[in-house]
Ligand code: G6P
């Protein structure tokens, strides 16, 4: 195992560091060197995809969160309405599906029972279906019409890291392809978007190189017991994933909210003991988000902001600011999730927990 771990103390830490290559390999396999789509495993006729009027994305846990990011990508780049649900709920909603609906089932393992059974029912209802999975020949890949593989390599750690990045990369590629088919993106725009996306691999690496900067100052907060994660728009699912990582590894109460919703109830829980992790994007909601941070600051909570380089907005408001490089706002979920994954590992280590064997959890859940 030591040889496999390549000097890392856990699979969690090792796999987190493999995120840039997991992302790159996934995205690169879905495009040519001159940035055209490669969709030979999609097995759905482009004419059929052109007719799609609704996309449904289903998954569990971290895969579900990737789907929530995917919703923004597809709605923005392809202008198709997207619904996202956890697989175990979707199945029982008596879903409305037809041949003009595309259902995307996301599962790292391709073996999560709830995602497989939900997708199987979607196939029976006549919808077009795609699996996004990391395991070639997995059950999910066999149930769906077509597959987009993530190429993250084996993921051993129960808590997912690199496959989440790879899933968002695959969803980005799907969004661009649908946008091109729908005529929302001209071919040159589609290839520019693909170039932007693959260039994110370098930024992922540059972001992970900042861990010692992030660590400075964070030590004081590792023993706190109540964390809130807030974000807006594309960064709300990132907040959800940050809270999930902390729950999975540190067993502490971590909750995620869309920042605008805090004042409708959850803000009542805030006091001096709470830490609010605020994801501040470089986007049109930047000012609104600063207003939300002021609201929580006024309640005495400690504020840990994640912001991009050069953004002075959080300087006066936050107790600590973790910086990530600037990027196209649409792809910022890829960068912002990294400090949250890293921090969740530190929290668990500070409590003496085994990062690879979180209590009560299984890597793949094959019961309902
Ligand atoms: C389990 C794991 C999670 C994972 C989820 C979905 O609950 O503990 O880390 O996100 O299953 O797994 P899948 O293989 O379907 O992506």
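Residue numbers (UniProt numbering): 245 to 612.
Even glycine gets a Cβ: it sits at the ideal position worked out from N, Cα and C.
Here the alpha carbon of residue 592 sits roughly 6 Å from the alpha carbon of residue 493. Under DSSP, residue 475 forms a beta bridge with 502.
Setting aside the 5 residues that flank it on each side, residue 500 is surrounded in the same chain by 473, 483, 484, 487, each with a C-beta closer than 6 Å to its C-beta; the list follows chain order. Around the Cβ of residue 585, a 10 Å sphere holds 16 or more other Cβ atoms; the residue is buried.
Between the C-alpha atoms of residue 415 and residue 392 there is a straight-line separation of about 9 Å. Every beta strand (DSSP E) stretch that sits fully inside the region 262-330 and reaches 3 residues is listed by chain position as 298-303, 326-330. Of the residues assessed, residue 310 falls on the buried side of the cut-off, its CB having 16 or more other CB atoms within 10 angstroms. Look at the beta carbons and you see the region 369-380 not touching the region 325-334: under three pairs across the two are nearer than 8 Å. In this structure, residue 351 has its beta carbon less than 7 Å from a heavy atom of ligand 1. Excluding its 5 nearest sequence neighbours in each direction, residue 399 has C-beta neighbours in its own chain below 7 Å: 259, 352, 378, 406, 407, listed in chain order. A Cβ-Cβ contact shorter than 8 Å links residue 527 with residue 477. Within the same chain, 549, 551, 558 come within 6 Å of residue 565 by CB-CB distance, once the 5 residues on both sides are set aside.
In terms of Cβ geometry, residue 370 and residue 359 do not form a close pair [threshold 8 Å]. Within its own chain, the residues whose Cβ lies closer than 6 Å to the Cβ of residue 594, once the five positions on either side in sequence are excluded, are 466, listed in chain order.
The region 594-610 makes no contact with the region 509-521: fewer than 3 CB pairs, one atom from each, lie closer than 8 Å. Rounded to the nearest angstrom, the gap between the Cα atoms of residue 368 and residue 297 is 18 Å. Residue 285 has its alpha-carbon roughly 14 Å from the corresponding atom of residue 276.
Remark: C-beta atoms of residue 448 and residue 254 do not approach each other more closely than 8 Å. Rounded to whole angstroms, the separation of the alpha carbons of residue 538 and residue 268 is 37 Å. Per DSSP, the unbroken alpha helix (DSSP H) holding residue 367 starts and ends at 357-368. The Cβ atoms of residue 588 and residue 490 lie closer than 8 Å to each other. Every beta strand (DSSP E) of 3 residues or more that sits fully in the UniProt domain "SIS" (461-602) is shown, in chain order, as 470-475, 497-502, 519-523, 546-552, 564-568.
For residue 464, the closest of 518, 481, 436 by C-alpha to C-alpha distance is 518. The residues 290, 293, 294, in chain order, have a CB closer than 7 Å to that of residue 425 in the same chain once the five nearest residues on each side in sequence are set aside. The DSSP-derived three-state label of residue 412 is helix.
Beta-bridge partners of residue 393 (DSSP): 377. Distances between the C-beta of residue 610 and the heavy atoms of ligand 1 are all 7 Å or more. The beta-carbon distance between residue 279 and residue 435, rounded to whole angstroms, is 4 Å. This is short enough to meet the 8 Å contact definition.
Annotated three-state conformation of residue 354 is coil, per DSSP.
When DSSP states are grouped into helix, strand and coil, residue 349 belongs to the strand group. Taking C-beta separations shorter than 8 Å and ignoring five residues to either side along the sequence, the partners of residue 304 in its chain run 330, 331, 332, 351, 356, 358, 359, 609, following chain order.
With a contact defined as Cβ atoms closer than 8 Å, residue 403 and residue 266 miss out at about 15 Å. Distance check between residue 366 and each of 336, 576, 459, 380 places 336 closest, using alpha-carbon atoms only. A distance of 8 Å or more separates the beta carbons of residue 394 and residue 306. Ligand 1 approaches residue 606 closely enough that one of its heavy atoms is under 7 Å from the residue's Cβ.
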